[in-house]
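Engineer: My questions will all concern the structure given below.
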Amino acid sequence: MKNRIEEITKHYYTGNHLSSTQLVTDGTGVAAQQVEYAPFGEVVNEYNIDWSNGQVPDFKFNAKELDEENGMYYFEARYQSPPVFISRDPLFEKYFWMSPYAYCGNNPLKYIDPTGMDYDPELVAPKNGQNGQIIIHATYYATESDEASVCNGADRWNQMSGQYQYNVINGENIETYDIIFDIQVQVFENADKRNEAYESVRGNGQANLFQITNEEGLGTVTIDGINRIINGQTEGSNSIVVAKNAPNRTSGHEIGHTLGLPDYVDDVDGLMSNIYDKNKTKIKSNYISNILNRCGFKIIGATQNETNYFTPKRTYDMNGELKETKID
Ligand SMILES: [Zn+2]
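Structure (structure tokens):
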């Protein structure tokens, strides 16, 4: 351990409503660092400017780590150099009315951008006696020749919109949110263009890639003593490979994996079953909380069957206001 600086005490990061570090205390409760920010993340004031000094992670704006070498924040898909991102939003065509370099729709006091791209649920508060909505957005990059298959998969999810509800206790009332799937497909002329687009957004592996191989199957697996062809595979939770001539449901099943769902062996009639015999379209309603948990999304008072596969990173109140964010 010669010539190495060891971290000798624990440090506790206390964040504001956007998880930006405001106060750091050491193991004895003494304030070690205090930070003030301008709205888009520039540090305005630091209590102890040499505090981090490369020995402890310098989590600052939105609890993202400040890269000491370039003075920028690593937002997975993109670097942010306050107050702007240094590269375009990978989904800039979707938000053509705003600058592709803008951070959080120019509303940094309300929104955060946890991965640097939209891969997230959105909460629309109930009003005028109507149900609220939780909209799950995701985008898949594919070639023209794979378009029919990926769109078939996306449609299976989009057609589930409004079929599942999330109930939240609000005082005496139960408020109901309809689950809406907004699964989008972006089609490219050929594999090179698709890959180029994918590489430009993948960041920490958070973009969704969809491709069909020339193989009839991706190997075999024995389930209940029966040898079965593997029709599809999802790698790293965001890259889908589907075998040539796979059944119709395969694309939808693999999209489910990218939304954070595992194979459910006990749900033999469901889309997320690992058995491919039937053309299945439904999921069980309690899988919705797995999708929301994976996206780090939770509503205060939610009664939905909670599973703890993932710790929620963001908590919303019933008005759709962000209440709390957590460091990964
Ligand atoms: Zn599967």
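Residues are numbered in my numbering as their position in the sequence shown, beginning at 1, plus a constant of 263.
Ideal placement from N, C-alpha and C gives every residue a C-beta, glycine not left out.
Between D487 and ligand 1, is there a pair consisting of the residue's CB and a ligand heavy atom that are separated by less than 8 Å?
Structural biologist: Not so, every heavy atom of ligand 1 lies at least 8 Å from the Cβ.
Engineer: DSSP on G482, reduced to helix/strand/coil?
Structural biologist: The answer is coil: DSSP assigns G482 none of H, G, I, E or B.
Engineer: Taking the alpha carbon of Y404 as the point to measure from, which residue in I397, N453, N421 has its own alpha carbon closest?
Structural biologist: Ranking the options by Cα distance to Y404, first place goes to N453.
Engineer: CB E498 to CB V505, shorter than 9 Å?
Structural biologist: Not a contact, by the Cβ cut-off of 9 Å.
Engineer: Just how far apart, CA to CA, sit V450 and F560?
Structural biologist: Whole-angstrom Cα-Cα distance: 29 Å.
Engineer: Here's a check: name, in chain order, each residue in its chain whose Cβ is nearer than 6 Å to the Cβ of N308, leaving out the five neighbours to either side.
Structural biologist: Cβ neighbours of N308 beyond the five flanking positions: E299.
Engineer: Do N511 and ligand 1 come close, with the Cβ less than 8 Å from some heavy atom?
Structural biologist: Result no, Cβ not under 8 Å from ligand 1.
Engineer: Using a Cβ-Cβ cutoff of less than 8 Å, which residues in the same chain neighbour T277 once the five nearest sequence positions on both sides are dropped?
Structural biologist: Once the five neighbours on either side are set aside, the close Cβ partners of T277 are T284, Q285, L286, V287, T288.
Engineer: Would you tell me roughly how many angstroms separate the C-alpha atoms of E584 and E459, rounded to the nearest one?
Structural biologist: C-alpha separation (whole angstroms): 36 Å.
Engineer: Looking only at its chain, what residues have a beta carbon closer than 6 Å to the beta carbon of D526, apart from the 5 residues adjacent to it on each side?
Structural biologist: Taken in chain order, the residues that qualify are N537.
Engineer: For Y440 versus N394, is the C-beta distance shorter than 9 Å?
Structural biologist: Closer than 9 Å, so yes.
Engineer: Which runs of the beta strand (DSSP E) spanning at least 3 residues fall entirely within the stretch 496 to 559, listed in chain order?
Structural biologist: Counting only runs of 3 or more, we get 502 to 505.
Engineer: Distance, Cα to Cα, G392 vs V431?
Structural biologist: Spanning the two alpha carbons is a distance of roughly 15 Å.
Engineer: Is any heavy atom in ligand 1 found nearer than 8 Å to the beta carbon of D526?
Structural biologist: Yes - ligand 1 has a heavy atom lying nearer than 8 Å to the Cβ of D526.
Engineer: With burial defined as no fewer than 16 other Cβ atoms inside 10 Å of the residue's Cβ, what is the status of Q396: buried or exposed?
Structural biologist: Flag for Q396 reads buried.
Engineer: What separation, rounded to the nearest whole angstrom, lies between the Cα atoms of H400 and A417?
Structural biologist: The straight-line gap from Cα to Cα measures roughly 11 Å.
Engineer: For the beta strand (DSSP E) that contains E385, what are its first and last residues?
Structural biologist: Note, E385: beta strand (DSSP E), 384 to 387.
Engineer: Can you give the beta carbon distance from L555 to K545, rounded, assuming they're within the 8 Å contact cut?
Structural biologist: Actually they are not in contact, since the Cβ atoms of L555 and K545 sit about 18 Å apart, beyond 8 Å.
Engineer: Quick one: which unbroken alpha helix (DSSP H) runs of 4-plus residues sit fully inside the stretch 394 to 432? Chain order, please.
Structural biologist: Whole alpha helix (DSSP H) segments, 4+ residues: 410 to 421.
Engineer: Bridge partners of E438, per DSSP?
Structural biologist: In DSSP, E438 forms a bridge with V431.
Engineer: Using CA coordinates, which residue listed in Q297, V293, S463 is at the minimum distance from N279?
Structural biologist: When only C-alpha atoms are compared, the closest one is Q297.
Engineer: To the nearest angstrom, how far is the alpha carbon of N553 from that of G519?
Structural biologist: N553 and G519: Cα-Cα distance of roughly 11 Å.
Engineer: If you compare alpha carbons, which of A509, S408, T291, P384 is closest to R557?
Structural biologist: Answer by Cα proximity: P384.
Engineer: Is E498 a contact residue of ligand 1, with contact defined as CB to any heavy atom under 8 Å?
Structural biologist: No, Cβ of E498 sits at least 8 Å from all heavy atoms of ligand 1.
Engineer: Where does N458 fall in DSSP's three states?
Structural biologist: N458: helix per DSSP, three-state reduction.
Engineer: Using 8 Å as the cut-off, classify the Cβ of M423 as near or not near the heavy atoms of ligand 1, replying yes or no.
Structural biologist: For ligand 1, not one heavy atom lies less than 8 Å from the Cβ of M423.
Engineer: Thinking just about the alpha-carbon of each residue, which of Y550, S500, E517, K456 is nearest to the one in N529?
Structural biologist: Asn is not the amino acid found at residue 529; the sequence shown has Asp there. Of the candidates Y550, S500, E517, K456, the one whose C-alpha sits nearest the C-alpha of D529 is Y550.
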